[in-house]
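Chemist: Each number in the numbering used here comes from the position in the sequence shown (counting from 1) with 1157 added on.
In this text, a Cβ means the ideal position worked out from N, Cα and C, and glycines have one as well.
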Amino acid sequence: MTNPGWGGPYGDQPNPPQSVCVRHPDRPTGLACSRCGRPACPQCLQAAAVGQHCVDCVREGNKNVRTAQTVAGAPVTRSAKTPLTYALIAINVVVFGITAAQSGNVTSNFTGSALAQAWSLNSLLVANGDVFRLIGSGFVHIGPIHLLVNMFALYLIGRDVELVLGRSRYLAVYFLSLLGGSASVMVFENPLSLTAGASGAVFGLLGAQAVILLRLKRSPAPVLIVIALNIFISISIPSISLWGHMGGLVAGAAATAGLVFLPNRRRGPESPRTSAAVSMAWISVIAVALVTLGIIAVRMLDLRAQMGI
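Okay, here's the thing in C-alpha coordinates:
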(Lines of atoms letter the chains of each structure in order from A and count residues from 1; the text may use other names and numbers.)
(Lines give C-alpha, C1' and ligand atoms only; values in the text may rest on other atoms or scores of the structure.)
Protein backbone atom coordinates (compact mmCIF):
# COMPACT_ATOMS: atom_id res chain seq x y z
CA MET A 1 0.00 0.00 0.00
CA THR A 2 1.51 3.25 -1.07
CA ASN A 3 0.79 6.81 0.01
CA PRO A 4 0.52 9.19 -3.02
CA GLY A 5 0.90 12.26 -0.76
CA TRP A 6 0.00 15.81 -1.93
CA GLY A 7 1.92 15.49 -5.16
CA GLY A 8 -0.01 12.42 -6.33
CA PRO A 9 -2.79 12.16 -8.94
CA TYR A 10 -5.39 14.00 -6.79
CA GLY A 11 -3.23 17.05 -6.16
CA ASP A 12 -2.33 17.49 -9.85
CA GLN A 13 -5.94 17.89 -11.19
CA PRO A 14 -6.17 20.89 -13.66
CA ASN A 15 -8.22 23.96 -12.69
CA PRO A 16 -11.67 24.27 -14.39
CA PRO A 17 -11.78 26.84 -17.26
CA GLN A 18 -12.76 30.35 -16.09
CA SER A 19 -15.78 32.07 -17.66
CA VAL A 20 -15.18 34.99 -19.99
CA CYS A 21 -17.40 37.94 -20.91
CA VAL A 22 -19.65 37.13 -23.87
CA ARG A 23 -18.91 40.54 -25.38
CA HIS A 24 -15.21 40.61 -24.50
CA PRO A 25 -13.73 37.08 -24.81
CA ASP A 26 -10.35 38.34 -23.59
CA ARG A 27 -11.77 39.31 -20.18
CA PRO A 28 -12.20 36.55 -17.58
CA THR A 29 -15.09 37.18 -15.20
CA GLY A 30 -16.92 35.58 -12.36
CA LEU A 31 -20.01 37.75 -12.86
CA ALA A 32 -23.14 36.95 -14.84
CA CYS A 33 -26.35 38.65 -15.94
CA SER A 34 -29.14 37.88 -13.48
CA ARG A 35 -31.65 37.89 -16.36
CA CYS A 36 -30.11 35.76 -19.12
CA GLY A 37 -27.38 34.07 -17.04
CA ARG A 38 -24.57 34.81 -19.49
CA PRO A 39 -21.16 35.76 -18.06
CA ALA A 40 -20.26 39.42 -18.39
CA CYS A 41 -17.53 41.76 -17.25
CA PRO A 42 -18.30 44.73 -14.96
CA GLN A 43 -18.24 47.10 -17.94
CA CYS A 44 -21.08 45.17 -19.60
CA LEU A 45 -23.32 45.01 -16.53
CA GLN A 46 -25.76 47.57 -15.19
CA ALA A 47 -27.44 47.57 -11.80
CA ALA A 48 -31.08 46.47 -11.91
CA ALA A 49 -33.92 46.28 -9.41
CA VAL A 50 -32.92 42.67 -8.82
CA GLY A 51 -29.28 41.81 -9.47
CA GLN A 52 -27.53 43.16 -12.53
CA HIS A 53 -28.35 43.00 -16.23
CA CYS A 54 -26.08 42.87 -19.24
CA VAL A 55 -26.26 45.64 -21.82
CA ASP A 56 -28.09 43.38 -24.29
CA CYS A 57 -30.87 42.64 -21.80
CA VAL A 58 -31.08 46.32 -20.86
CA ARG A 59 -31.43 47.28 -24.53
CA GLU A 60 -34.10 44.65 -25.09
CA GLY A 61 -35.98 45.78 -22.00
CA ASN A 62 -35.94 49.41 -23.10
CA LYS A 63 -37.69 48.44 -26.34
CA ASN A 64 -40.68 47.29 -24.34
CA VAL A 65 -40.87 50.40 -22.15
CA ARG A 66 -43.80 52.59 -23.11
CA THR A 67 -42.82 56.24 -23.44
CA ALA A 68 -45.05 58.64 -21.52
CA GLN A 69 -47.21 60.69 -23.89
CA THR A 70 -49.67 63.54 -23.74
CA VAL A 71 -53.29 63.18 -24.85
CA ALA A 72 -52.18 64.26 -28.33
CA GLY A 73 -49.44 61.64 -28.54
CA ALA A 74 -46.51 64.01 -27.94
CA PRO A 75 -43.69 62.68 -25.74
CA VAL A 76 -43.59 63.95 -22.17
CA THR A 77 -40.20 65.49 -21.39
CA ARG A 78 -38.68 66.74 -18.17
CA SER A 79 -37.70 70.06 -19.73
CA ALA A 80 -40.67 72.25 -20.64
CA LYS A 81 -39.12 73.74 -23.77
CA THR A 82 -41.37 75.49 -26.27
CA PRO A 83 -39.06 76.73 -29.05
CA LEU A 84 -41.77 77.12 -31.68
CA THR A 85 -43.76 79.61 -29.63
CA TYR A 86 -40.67 81.75 -29.14
CA ALA A 87 -39.76 81.40 -32.82
CA LEU A 88 -43.21 82.58 -33.90
CA ILE A 89 -42.99 85.56 -31.55
CA ALA A 90 -39.54 86.39 -32.94
CA ILE A 91 -40.79 86.24 -36.55
CA ASN A 92 -43.67 88.58 -35.74
CA VAL A 93 -41.33 91.03 -34.02
CA VAL A 94 -38.86 90.96 -36.92
CA VAL A 95 -41.63 91.58 -39.46
CA PHE A 96 -42.89 94.48 -37.37
CA GLY A 97 -39.37 95.91 -37.22
CA ILE A 98 -39.09 95.73 -41.00
CA THR A 99 -42.42 97.50 -41.51
CA ALA A 100 -41.47 100.18 -38.98
CA ALA A 101 -38.12 100.72 -40.72
CA GLN A 102 -39.78 100.97 -44.12
CA SER A 103 -42.38 103.46 -42.93
CA GLY A 104 -39.94 105.39 -40.75
CA ASN A 105 -42.49 105.41 -37.93
CA VAL A 106 -42.97 102.83 -35.18
CA THR A 107 -46.49 103.90 -34.25
CA SER A 108 -47.65 104.15 -37.88
CA ASN A 109 -45.67 101.27 -39.32
CA PHE A 110 -48.49 100.15 -41.62
CA THR A 111 -48.51 103.36 -43.64
CA GLY A 112 -45.64 103.61 -46.08
CA SER A 113 -44.43 100.02 -45.60
CA ALA A 114 -44.17 97.97 -48.78
CA LEU A 115 -44.09 94.74 -46.77
CA ALA A 116 -47.24 95.60 -44.83
CA GLN A 117 -49.08 96.48 -48.01
CA ALA A 118 -47.87 93.31 -49.75
CA TRP A 119 -48.79 90.94 -46.90
CA SER A 120 -51.99 92.37 -45.41
CA LEU A 121 -55.16 90.47 -46.24
CA ASN A 122 -57.36 91.90 -48.98
CA SER A 123 -59.96 89.54 -50.43
CA LEU A 124 -59.94 91.07 -53.90
CA LEU A 125 -56.16 90.84 -54.16
CA VAL A 126 -56.24 87.24 -52.94
CA ALA A 127 -58.83 86.43 -55.60
CA ASN A 128 -56.51 88.05 -58.13
CA GLY A 129 -53.71 85.66 -57.21
CA ASP A 130 -52.01 87.05 -54.09
CA VAL A 131 -52.72 83.89 -52.09
CA PHE A 132 -49.69 84.39 -49.84
CA ARG A 133 -51.65 87.11 -48.07
CA LEU A 134 -53.77 84.36 -46.48
CA ILE A 135 -50.79 83.42 -44.27
CA GLY A 136 -48.55 86.48 -44.50
CA SER A 137 -51.22 88.73 -43.02
CA GLY A 138 -50.91 86.79 -39.76
CA PHE A 139 -47.39 88.15 -39.26
CA VAL A 140 -48.14 91.83 -39.95
CA HIS A 141 -49.32 94.10 -37.13
CA ILE A 142 -50.68 97.62 -37.18
CA GLY A 143 -48.86 99.56 -34.47
CA PRO A 144 -46.88 98.41 -31.42
CA ILE A 145 -49.93 97.93 -29.18
CA HIS A 146 -51.44 95.49 -31.68
CA LEU A 147 -48.16 93.56 -31.72
CA LEU A 148 -47.69 93.54 -27.94
CA VAL A 149 -51.21 92.33 -27.19
CA ASN A 150 -51.03 89.47 -29.68
CA MET A 151 -47.51 88.41 -28.72
CA PHE A 152 -48.31 88.46 -25.01
CA ALA A 153 -51.36 86.27 -25.66
CA LEU A 154 -49.29 83.94 -27.85
CA TYR A 155 -46.68 83.69 -25.08
CA LEU A 156 -49.26 82.80 -22.43
CA ILE A 157 -51.33 80.36 -24.48
CA GLY A 158 -48.91 79.00 -27.03
CA ARG A 159 -46.45 77.43 -24.61
CA ASP A 160 -49.05 75.24 -22.92
CA VAL A 161 -50.57 74.15 -26.22
CA GLU A 162 -47.15 73.36 -27.70
CA LEU A 163 -46.25 71.14 -24.74
CA VAL A 164 -49.44 69.10 -25.12
CA LEU A 165 -49.59 68.88 -28.91
CA GLY A 166 -45.90 68.56 -29.68
CA ARG A 167 -44.11 70.59 -32.31
CA SER A 168 -45.53 69.25 -35.56
CA ARG A 169 -49.13 69.23 -34.32
CA TYR A 170 -48.70 72.67 -32.79
CA LEU A 171 -47.50 74.16 -36.06
CA ALA A 172 -50.36 72.50 -37.92
CA VAL A 173 -52.96 73.94 -35.53
CA TYR A 174 -51.33 77.38 -35.57
CA PHE A 175 -51.25 77.75 -39.35
CA LEU A 176 -54.67 76.17 -39.79
CA SER A 177 -56.00 78.77 -37.36
CA LEU A 178 -54.37 81.51 -39.42
CA LEU A 179 -55.89 80.06 -42.57
CA GLY A 180 -59.30 79.68 -40.94
CA GLY A 181 -59.27 83.30 -39.84
CA SER A 182 -58.38 84.44 -43.36
CA ALA A 183 -61.12 82.27 -44.87
CA SER A 184 -63.71 83.74 -42.52
CA VAL A 185 -62.60 87.30 -43.33
CA MET A 186 -62.89 86.60 -47.05
CA VAL A 187 -66.41 85.23 -46.70
CA PHE A 188 -67.98 87.59 -44.16
CA GLU A 189 -66.10 90.89 -44.27
CA ASN A 190 -65.90 93.68 -46.83
CA PRO A 191 -63.65 92.48 -49.68
CA LEU A 192 -62.12 95.97 -49.91
CA SER A 193 -60.91 95.96 -46.29
CA LEU A 194 -57.33 95.31 -45.20
CA THR A 195 -56.81 92.88 -42.32
CA ALA A 196 -53.63 91.97 -40.46
CA GLY A 197 -52.48 90.38 -37.22
CA ALA A 198 -51.89 87.06 -35.48
CA SER A 199 -55.12 87.26 -33.46
CA GLY A 200 -56.82 84.64 -35.64
CA ALA A 201 -54.07 82.16 -34.76
CA VAL A 202 -54.21 83.16 -31.09
CA PHE A 203 -57.96 82.54 -31.04
CA GLY A 204 -57.28 79.16 -32.64
CA LEU A 205 -54.90 78.33 -29.80
CA LEU A 206 -57.57 79.38 -27.31
CA GLY A 207 -59.94 76.95 -28.99
CA ALA A 208 -57.23 74.30 -28.88
CA GLN A 209 -56.71 74.88 -25.17
CA ALA A 210 -60.43 74.51 -24.47
CA VAL A 211 -60.56 71.24 -26.41
CA ILE A 212 -57.49 69.91 -24.57
CA LEU A 213 -59.11 70.66 -21.21
CA LEU A 214 -62.24 68.81 -22.30
CA ARG A 215 -60.11 65.82 -23.34
CA LEU A 216 -58.43 65.87 -19.93
CA LYS A 217 -61.90 65.99 -18.32
CA ARG A 218 -61.17 69.34 -16.75
CA SER A 219 -63.38 72.39 -16.83
CA PRO A 220 -62.72 74.69 -19.82
CA ALA A 221 -64.67 77.49 -18.10
CA PRO A 222 -61.65 79.82 -17.60
CA VAL A 223 -60.73 79.59 -21.28
CA LEU A 224 -64.35 80.02 -22.38
CA ILE A 225 -64.61 83.16 -20.25
CA VAL A 226 -61.52 84.58 -21.94
CA ILE A 227 -62.96 83.71 -25.35
CA ALA A 228 -66.30 85.33 -24.50
CA LEU A 229 -64.58 88.47 -23.22
CA ASN A 230 -62.51 88.76 -26.39
CA ILE A 231 -65.58 88.25 -28.57
CA PHE A 232 -67.30 91.08 -26.69
CA ILE A 233 -64.27 93.32 -27.28
CA SER A 234 -64.21 92.34 -30.95
CA ILE A 235 -67.86 93.34 -31.30
CA SER A 236 -67.43 96.58 -29.37
CA ILE A 237 -64.43 97.93 -31.29
CA PRO A 238 -65.17 98.35 -35.03
CA SER A 239 -61.51 98.16 -36.12
CA ILE A 240 -61.12 94.63 -34.71
CA SER A 241 -61.82 91.76 -37.10
CA LEU A 242 -64.51 89.69 -35.39
CA TRP A 243 -64.75 87.19 -38.23
CA GLY A 244 -61.00 86.72 -38.34
CA HIS A 245 -61.15 85.74 -34.67
CA MET A 246 -64.12 83.44 -35.14
CA GLY A 247 -62.63 81.65 -38.14
CA GLY A 248 -59.39 81.03 -36.29
CA LEU A 249 -61.25 79.81 -33.21
CA VAL A 250 -63.31 77.26 -35.16
CA ALA A 251 -60.39 75.99 -37.25
CA GLY A 252 -58.06 75.63 -34.26
CA ALA A 253 -60.65 73.86 -32.12
CA ALA A 254 -61.65 71.50 -34.94
CA ALA A 255 -58.07 70.52 -35.77
CA THR A 256 -57.20 69.96 -32.10
CA ALA A 257 -60.31 67.87 -31.51
CA GLY A 258 -59.14 65.41 -34.14
CA LEU A 259 -55.67 65.26 -32.63
CA VAL A 260 -56.69 64.62 -29.03
CA PHE A 261 -59.97 62.70 -29.28
CA LEU A 262 -59.10 60.17 -31.97
CA PRO A 263 -57.32 57.07 -30.58
CA ASN A 264 -53.79 58.10 -31.45
CA ARG A 265 -51.96 57.04 -28.31
CA ARG A 266 -49.43 54.27 -28.72
CA ARG A 267 -50.29 50.98 -27.04
CA GLY A 268 -46.72 49.69 -27.26
CA PRO A 269 -43.70 49.53 -29.57
CA GLU A 270 -45.13 46.65 -31.60
CA SER A 271 -48.78 47.68 -31.49
CA PRO A 272 -50.56 47.28 -34.85
CA ARG A 273 -52.82 50.17 -33.87
CA THR A 274 -50.03 52.72 -33.63
CA SER A 275 -49.55 53.80 -37.25
CA ALA A 276 -53.25 53.59 -38.13
CA ALA A 277 -54.29 55.63 -35.10
CA VAL A 278 -51.71 58.35 -35.72
CA SER A 279 -52.83 58.46 -39.35
CA MET A 280 -56.45 58.94 -38.28
CA ALA A 281 -55.50 61.99 -36.22
CA TRP A 282 -53.55 63.56 -39.06
CA ILE A 283 -56.30 62.75 -41.56
CA SER A 284 -58.68 64.80 -39.42
CA VAL A 285 -56.26 67.75 -39.58
CA ILE A 286 -55.98 67.38 -43.35
CA ALA A 287 -59.78 67.30 -43.56
CA VAL A 288 -60.01 70.62 -41.69
CA ALA A 289 -57.39 72.08 -44.03
CA LEU A 290 -59.23 70.87 -47.13
CA VAL A 291 -62.54 72.31 -45.93
CA THR A 292 -60.86 75.65 -45.19
CA LEU A 293 -59.11 75.72 -48.56
CA GLY A 294 -62.37 74.77 -50.25
CA ILE A 295 -64.15 77.73 -48.65
CA ILE A 296 -61.35 80.03 -49.80
CA ALA A 297 -61.43 78.63 -53.33
CA VAL A 298 -65.20 79.07 -53.65
CA ARG A 299 -64.97 82.64 -52.37
CA MET A 300 -62.11 83.40 -54.77
CA LEU A 301 -64.18 82.15 -57.71
CA ASP A 302 -67.13 84.24 -56.56
CA LEU A 303 -65.02 87.41 -56.28
CA ARG A 304 -63.38 86.78 -59.63
CA ALA A 305 -66.81 86.45 -61.20
CA GLN A 306 -67.86 89.74 -59.60
CA MET A 307 -64.73 91.44 -60.96
CA GLY A 308 -65.27 89.90 -64.38
CA ILE A 309 -61.95 88.08 -64.35
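1) Using a Cβ-Cβ cut-off of 8 angstroms (strictly less than) and excluding sequence neighbours within five positions of Ser1183, which residues of its own chain qualify?
2) According to DSSP, Leu1370 sits in a beta bridge with which residue or residues?
3) Straight-line CA distance for Val1297 to Cys1201?
4) Going by DSSP, what residue range makes up the alpha helix (DSSP H) through His1303?
5) Would you please state the rounded distance, in angstroms, between the beta carbons of Gly1315 and Gly1401? I believe it to be under 8 angstroms.
6) What are the boundary residues of the alpha helix (DSSP H) that includes Leu1245?
7) If distances are taken between C-alpha atoms only, which option among Ala1410, Ala1385, Ala1411 comes closest to Leu1399?
8) Could you have a look at Leu1381 and say whether DSSP puts it in helix, strand or coil?
9) Output needed for Tyr1331: all residues of its chain with C-beta closer than 6 angstroms, excluding positions within five of it in sequence on either side, in chain order.
10) Taking the alpha-carbon positions, what's the Gly1293 to Ala1365 distance?
11) With DSSP collapsed to three states, give me the class of Leu1278.
12) With His1210 and Arg1192 assumed to form a contact (beta carbons below 8 angstroms), what rounded beta-carbon distance in angstroms separates them?
13) Touching or not, the segment 1334-1349 and the segment 1260-1274, by the rule of three or more beta carbon pairs under 8 angstroms?
14) On the three-pair Cβ rule with 8 angstroms, is the segment 1303-1321 touching the segment 1237-1257?
15) Excluding the five sequence neighbours on either side, which residues of its own chain have a C-beta within less than 8 angstroms of the C-beta of Ile1392, listed in chain order?
16) Could you give the distance in angstroms between the alpha-carbon of Leu1371 and the alpha-carbon of Ser1277?
17) Which of the three DSSP states is assigned to His1402 in this structure?
18) Express the C-alpha separation of Val1283 and Arg1422 in angstroms, rounding to a whole number.
19) Return helix, strand or coil for Leu1202, following the three-state DSSP convention.
20) Could you pull the start and end residues of the alpha helix (DSSP H) that Arg1290 belongs to?
21) Buried or exposed for Leu1304, please, with buried defined as at least 16 other CB atoms from any protein chain shown within 10 angstroms of its CB.
22) Who are the Cβ neighbours of Pro1199 in its own chain at under 7 angstroms, not counting the five residues just before and after it?
23) Suppose the cutoff is 7 angstroms on Cβ atoms and the five residues either side in sequence are ignored; what does the same chain contact list for Arg1195 look like?
24) From the DSSP output, which residues share a beta bridge with His1210?
25) List the residues that DSSP assigns as beta-bridge partners of Val1177.
26) Whose C-beta lies closer than 6 angstroms to the C-beta of Ala1411 among residues of the same chain, with five residues either side of it excluded?
27) Classify Val1368: buried if its beta carbon has 16 or more other beta carbons within 10 angstroms, exposed otherwise.
28) Could you give the DSSP three-state label for Thr1449: helix, strand or coil?
29) What three-state label does DSSP hand Thr1352 in the structure shown?
30) Could you say which of Gly1269, Ser1334, Arg1461 lies nearest to Gly1404 if we only look at CA atoms?
31) Buried or exposed: where does Ile1302 fall if 16 or more other Cβ atoms within 10 Å of its Cβ makes it buried?
Modeler: Working from what's here:
1) Residue identity differs from the one stated: residue 1183 is Asp in this sequence, not Ser. Within the same chain, Asp1183 has close Cβ partners Val1177.
2) In DSSP, Leu1370 forms no bridge with anything.
3) 58 angstroms
4) 1301-1322
5) Gly1315 to Gly1401, Cβ: 18 angstroms. No contact.
6) 1240-1260
7) Ala1385
8) helix
9) Ala1358
10) 22 angstroms
11) strand
12) 5 angstroms
13) no
14) yes
15) Leu1399
16) 35 angstroms
17) helix
18) Its pLDDT being 47, under 50, Arg1422 is placed unreliably by the model, and the measurement read from it follows with that caveat. Going from the Cα of Arg1422 to the Cα of Val1283 covers about 39 angstroms.
19) strand
20) 1290-1293
21) buried
22) Leu1188
23) Val1179, Ala1189, Cys1211
24) Gln1203
25) Pro1185
26) Val1445
27) buried
28) helix
29) strand
30) Ser1334
31) exposed
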